[in-house]
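Report on one structure; see the data block that follows.
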Amino acid sequence: MSQILIIYTGGTIGMMTDPVTKVLKPINFEQIMDNVPELEKLNCRIKVHSFDEIIDSSNMNPAIWSQLAGLIQSNYYDNDGFVILHGSDTMAYTASALSFMLENLGKPVIFTGSQLPISAIRTDAKENLMTAIEIAKSKKGDRARVPEVCIYFDYKLFRGNRAFKYNSSKFEAFRSPNYPILAESGVHLRFSANDIRQPQDGTELIIHNNLISDVAVLKLYPGIGTKVVETILNSDVRGIVMETFGAGNTTTDSWFIDLLKNAIDSGKVIVDISQCKVGTVELGRYETSRHLKDIGVANGYDMTFESAVTKMMYLLGMFDDPAMVKHYMEQDLRGEITVS
Numbered sequence: 001m002s003q004i005l006i007i008y009t010g011g012t013i014g015m016m017t018d019p020v021t022k023v024l025k026p027i028n029f030e031q032i033m034d035n036v037p038e039l040e041k042l043n044c045r046i047k048v049h050s051f052d053e054i055i056d057s058s059n060m061n062p063a064i065w066s067q068l069a070g071l072i073q074s075n076y077y078d079n080d081g082f083v084i085l086h087g088s089d090t091m092a093y094t095a096s097a098l099s100f101m102l103e104n105l106g107k108p109v110i111f112t113g114s115q116l117p118i119s120a121i122r123t124d125a126k127e128n129l130m131t132a133i134e135i136a137k138s139k140k141g142d143r144a145r146v147p148e149v150c151i152y153f154d155y156k157l158f159r160g161n162r163a164f165k166y167n168s169s170k171f172e173a174f175r176s177p178n179y180p181i182l183a184e185s186g187v188h189l190r191f192s193a194n195d196i197r198q199p200q201d202g203t204e205l206i207i208h209n210n211l212i213s214d215v216a217v218l219k220l221y222p223g224i225g226t227k228v229v230e231t232i233l234n235s236d237v238r239g240i241v242m243e244t245f246g247a248g249n250t251t252t253d254s255w256f257i258d259l260l261k262n263a264i265d266s267g268k269v270i271v272d273i274s275q276c277k278v279g280t281v282e283l284g285r286y287e288t289s290r291h292l293k294d295i296g297v298a299n300g301y302d303m304t305f306e307s308a309v310t311k312m313m314y315l316l317g318m319f320d321d322p323a324m325v326k327h328y329m330e331q332d333l334r335g336e337i338t339v340s
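Printed below as a string of C-alpha cells:
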C-alpha cells in the first residue's frame with residue numbers, strides 16, 4: 001500500500017466563511033478531512049504535515065520554499081509521493097522553484113488547491129485533492145508514473161515549471177501553452193508517458209536550498225523612459241528578467257542598448273523572455289533583437305515568467321560567476337524550456 005504525505009500550507013482549499021464577518025478564514029486539516037470522507041476509500045496510507053501558521057500564498061517566499069524542500073527531503077524515503085496544498089495565486093512560482101531545488105527527483109510532488117473553499121457546495125477542492133493523491137501514488141511497476149514537480153487543477157496535470165495561473169474566476173485556473181499536459185482525468189486517468197521526465201537510474205535526490213532573491217523585473221512597453229529603465233538596471237541586484245515584445249524584441253534606441261550593455265558589463269545577468277504566453281524568444285531573428293544577442297543578453301526561450309524568476313534565484317545561489325549563470329539560464333535543466 002502506497003504512503004502519501006500531504007503538506008498543508010494554506011490557500012482557498014482550506015478556508016471557511018466566517019458566519020459573522022463573511023470573510024474567508026483558514027481552517028485546520030482535520031476540518032478539511034471532515035469535508036472529504038471519500039479519502040478513506042483511497043487505497044493508500046495518508047500522513048499529513050500542516051504548517052504551524054497557515055499561509056496565504058501571497059505571502060510565499062524563498063524561506064518557505066526551503067522549508068518545503070526540507071520536508072520532502074526528510075520524508076523522501078518513507079513516502080511514495082507528496083501532495084502540497086497551496087494557494088493558487090503563487091502556486092506556479094512555488095512549483096517552479098521546487099523543480100529546480102529538487103535535483104534528481106524520483107517521486108511525484110503534486111501541487112493542488114481550489115478556487116472555492118472545500119466547504120462550498122460547488123467546490124472544485126474535492127476532485128482536485130482526490131485526484132492529486134491518485135496521481136501521487138500512481139506507479140508503473142515499481143516506478144512512479146510522474147516523478148516530477150507538477151500542478152494538478154481542473155482535471156489536468158501540468159509540469160510545474162511550465163504552468164501559470166491565467167484565470168481567477170474559473171475552475172480552469174492554469175494553462176501550459178508551450179508544453180503538453182502530463183495527464184488528464186476523466187472516466188479514466190490517462191498519462192502522457194512520452195512527455196514525462198524520468199530520473200536517471202541510481203541518482204540520489206539532491207536539495208538546493210540557497211536561493212538568492214536579488215532579481216529585478218524590467219517589463220517593456222512603448223514609450224518606456226530612460227529614468228525607468230536606468231532605475232531598474234542600476235538597482236542593487238544580480239539578475240534581471242526582461243519581458244520583451246513578440247519573439248524577444250526591444251527598441252533599438254542607442255540609449256536603451258547602452259544601458260543594457262553597461263548593466264551586463266557591471267556583472268548583471270539579463271534574461272530575455274517574451275510577454276507573449278505562447279511561442280519562444282528567438283534572439284537575432286529580427287533586427288530589434290540582434291543587438292541584445294551581441295551584447296550578451298541571455299535567451300529565455302519559452303520559459304514562463306514564474307520559471308524565469310525562480311530559475312534565476314536558483315542559479316544565483318549556485319554560481320558567483322555571471323557567465324555561469326547566463327550559460328545555465330539558456331540550458332534546459334528541469335524541462336522548463338524548449339531549446340531548438
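In case it helps, UniProt numbering puts the sequence shown at residues 1 to 340.
Every residue gets a Cβ at the ideal spot worked out from N, C-alpha and C, and that includes glycine.
Return the CA-CA distance between residue i and residue j, expressed in angstroms with no decimal places.
i      : j      : result
LEU157 : LYS227 : 43 Å
TYR8   : GLU53  : 10 Å
ALA216 : LYS107 : 33 Å
ASP321 : LEU42  : 49 Å
LEU292 : TRP65  : 33 Å
GLY113 : ASN299 : 32 Å
TYR166 : ARG175 : 7 Å
GLY279 : ARG197 : 21 Å
VAL83  : ILE110 : 5 Å
GLU306 : ASP56  : 18 Å
ASN223 : ARG45  : One point to set straight first is that residue 223 is Gly, not Asn, in the sequence displayed. Going by the C-alpha atoms only, they are around 58 Å apart.
PHE319 : TYR152 : 32 Å
Can you tell me which of the options puts its alpha carbon nearest to the alpha carbon of residue i?
i      : options                        : result
ALA323 : GLY106, THR112, ILE264         : ILE264
HIS188 : VAL269, ILE181, PRO199, TYR155 : TYR155
ALA63  : THR94, ALA247, PRO199          : THR94
CYS276 : GLY246, GLU282, SER254, ILE295 : GLY246
LEU24  : GLN31, MET16, GLU30            : MET16
ASN262 : ILE232, ARG285, MET318         : ILE232
TYR286 : LYS268, ILE295, THR250         : THR250
ASN79  : ALA136, LEU98, GLY87, GLU184   : ALA136
GLY11  : PRO37, MET91, GLY81            : MET91
ILE295 : LEU259, ASP142, PHE319         : LEU259
ARG290 : LEU205, GLN73, GLY267, ILE257  : ILE257
GLY335 : GLU134, LEU105, GLU30, TYR221  : LEU105
VAL229 : GLY81, GLU148, SER254, PHE51   : SER254
TYR301 : THR244, ASN210, GLU148, THR288 : THR244
ASP214 : PHE29, ASN61, ARG162           : ASN61
Would you decide whether residue i is buried or exposed? Buried here means 16 or more other CB atoms lie within 10 Å of its CB.
i      : result
MET1   : exposed
GLN331 : exposed
LYS311 : buried
GLN200 : exposed
ALA193 : exposed
ILE121 : exposed
ASN178 : buried
ILE118 : buried
LYS170 : exposed
TYR77  : exposed
VAL339 : exposed
ASN128 : buried
When the distance is taken between beta carbons, is residue j closer than 8 Å to residue i?
i      : j      : result
ILE13  : VAL48  : no
ILE270 : ILE240 : yes
SER58  : GLY160 : no
THR123 : SER185 : no
LEU98  : ALA69  : yes
ILE337 : MET313 : no
LEU205 : MET242 : no
MET283 : ILE212 : The question names Met, but residue 283 in the sequence shown is Leu. Contact: no.
SER88  : ALA173 : yes
LYS126 : VAL36  : yes
ILE72  : LEU116 : no
ILE4   : ILE133 : yes
Could you check if residue i belongs to the surroundings of the ligand COA, using beta carbon to heavy atom distance under 7 Å?
i      : result
LEU182 : Absence of the ligand COA is noted for the structure shown, with no ligands found whatsoever.
Looking at the structure shown, is residue i part of a helix, part of a strand, or coil, going by DSSP?
i           : result
LEU98       : helix
LEU182      : coil
GLU103      : strand
GLN3        : strand
VAL278      : coil
HIS208      : coil
ILE270      : strand
LYS137      : helix
residue 352 : No answer is possible for residue 352: it lies beyond the span of the chain, which begins at 1 and ends at 340.
VAL83       : strand
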